[in-house]
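The sequence shown maps to residues 1 to 178 in full-length UniProt numbering.
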Amino acid sequence: MTDEKKAPYKWIAAKLESLDPYKDYEEIVRLTTCYHANDFMNNLIYSITFPNLVKGGRSARAIWREDGGKVLHKATVRCEGSEHHNMTWLFYGANDKRCLDSIAYVNNLHARLEAKVTPGCYGHNDDYIDTLASAALIGQRFAISLGLQGLTTKLVCMSICCGMLWEKRQDTTVFIYA
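So this is what it looks like as structure tokens:
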């Protein structure tokens, strides 16, 4: 039984090593983030990544607000909403209509919050670039901290390239604070 479980992991690693980050970035992201996903790992990574969202003053104000916001009062709903959008983006990729619709929804939500709840907190690229970079490597850092192998150097570089290519798509820019 153990050998049967290892075969897909060997296949996925070989497949990832064969991909070109400039052409196959959507498949790279999907395979590295969704293939091994389960509820426990998604929630754990979300919990580890979340503090990166509140490092900056504007983003901390947007997330915590004056009364603790959804983080305090509707934590499960906020987590599930974020995970729904994150997994939609990661699984379907930047060129899929479902991803584009999800990004449009999040951007519209942020625009409403900017106008009514926390003005001046959204739309600052410098506030989310560090969060995206941290999120891209959090799995690698976590695996290494547990003494696991982590990703190969090539896959770490691919992850960074994928993030840069995604960011360059002007039509899919998303400000991740919701």
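We put the beta carbon where it would ideally sit given N, CA and C, even for glycine.
So what does DSSP say about residue i, is it helix, strand or coil?
i: T118; result: coil
i: Y46; result: helix
i: Q140; result: helix
i: V29; result: helix
i: T152; result: coil
i: A111; result: helix
i: P21; result: coil
i: G69; result: helix
i: L146; result: coil
i: D39; result: helix
i: G123; result: coil
i: residue 184; result: Not covered by the structure: residue 184. The range shown for the chain is 1 to 178.
State buried or exposed for residue i, treating a residue as buried only when at least 16 other CB atoms are found within 10 Å of its CB.
i: S102; result: buried
i: F175; result: Because the pLDDT at F175 is just 44, under 50, the model does not fix this residue reliably, and the point stays unresolved.
i: M41; result: exposed
i: P119; result: exposed
i: T153; result: exposed
i: Y122; result: buried
i: L16; result: buried
i: P21; result: buried
i: E80; result: exposed
Once the 5 residues before and after residue i are set aside, which same chain residues still bring their CB inside 7 Å of it?
i: K70; result: V77, R78
i: H124; result: R58
i: W11; result: none
Taking residue i and residue j to be in contact with their CB atoms under 8 Å, please state how far apart those CB atoms are, rounded to whole angstroms.
i: I138; j: I48; result: 6 Å
i: H85; j: V54; result: 18 Å between Cβ atoms; not a contact.
i: L19; j: A62; result: That belief does not hold up - the Cβ atoms of L19 and A62 are roughly 35 Å apart, past 8 Å.
For residue i, I'd like the list of residues in its chain whose CB is within less than 6 Å of its CB, leaving aside the five on either flank, ordered along the chain.
i: L151; result: Q140
i: W89; result: C99
i: K35; result: Residue identity check: residue 35 is Tyr in the sequence provided, not Lys. So the list reads I12, once near-sequence residues are dropped.
Looking only at its chain, what residues have a beta carbon closer than 8 Å to the beta carbon of residue i, apart from the 5 residues adjacent to it on each side?
i: W64; result: V54, V71, L72
i: T39; result: Before going further, note that residue 39 is Asp rather than Thr in the sequence given. No residues qualify anywhere along the chain.
Using a Cβ distance threshold of 8 Å, determine whether the stretch 89-96 contacts the stretch 25-39, with at least three qualifying pairs required.
yes
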